[in-house]
Amino acid sequence: MNYYQADQEIPENNVYDYGFWNLNRILVGMGRSLADFPPIPLLQQQWAHRIPNPLLQAEQYNIDEMATLVDEQRAIFNPDQVAAFNAVLESVTNNQGLFFFFSRRKTGHPA
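Position one of the sequence shown corresponds to residue 0 (numbering that gives the first Met the number 0), numbered consecutively onward.
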């Protein structure tokens, strides 16, 4: 199986299929797929396995180090941070969806 890097050209005979794959990813996020829009052709390849995720490639985490860091930081959370952390962890663990935090107060972090 060929893996295509972000800076590598996709062969001309695969360009349309790759474009439809990207379109299908957007449609799936909206609860639809290419199959809902005939006569658009269905995918000929499984591109998810052929296009490496650049975010996963860029970051290689040591799970043990990350767990230690989380435990150290969680120990110094204030009550609001504990509540937010627990809510996000529960959402991720139970596949409940996304979180968006908004505050009119200054966070102490640069914008």
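For glycine and all other residues, C-beta sits at the position ideal for the given N, C-alpha and C.
For clarity, every value in this text was computed on a predicted model and none was experimentally measured.
Can you tell me whether Asn23 is buried or exposed? The criterion is at least 16 other CB atoms within 10 Å of its CB, across all chains shown.
Its Cβ being crowded by 16 or more others within 10 Å, Asn23 is buried.
Provide the residue span of the alpha helix (DSSP H) that contains Ser90, from first to last.
78-92 is the span of the alpha helix (DSSP H), which, as asked, contains Ser90.
Alpha-carbon to alpha-carbon, Ile75 and Met65:
The alpha-carbon separation between Met65 and Ile75 amounts to approximately 16 Å.
Please state whether DSSP places Ala74 in a helix, a strand or coil.
Of the three classes helix, strand and coil, the one that applies to Ala74 here is coil, per DSSP.
Supposed close pair Leu41, Trp20 - CB separation, criterion 8 Å
The distance from the Cβ of Leu41 to that of Trp20 is about 10 Å, inconsistent with a contact at the 8 Å cut-off.
Just to confirm, is the Cβ distance from Ile25 to Leu33 under 8 Å?
It is not a contact, given that the beta carbons lie outside the stated cut-off.
Cutoff 8 Å; reference Pro109; Cβ partners in own chain excluding five residues on either side:
Low confidence applies here, because Pro109 scores a pLDDT of 49, under 50, leaving its location unreliable; read the following figure in that light. There are no such residues.
Expressed to the nearest angstrom, what Euclidean distance is found between the alpha-carbon atoms of Asn94 and Asn13?
Whole-angstrom Cα-Cα distance: 34 Å.
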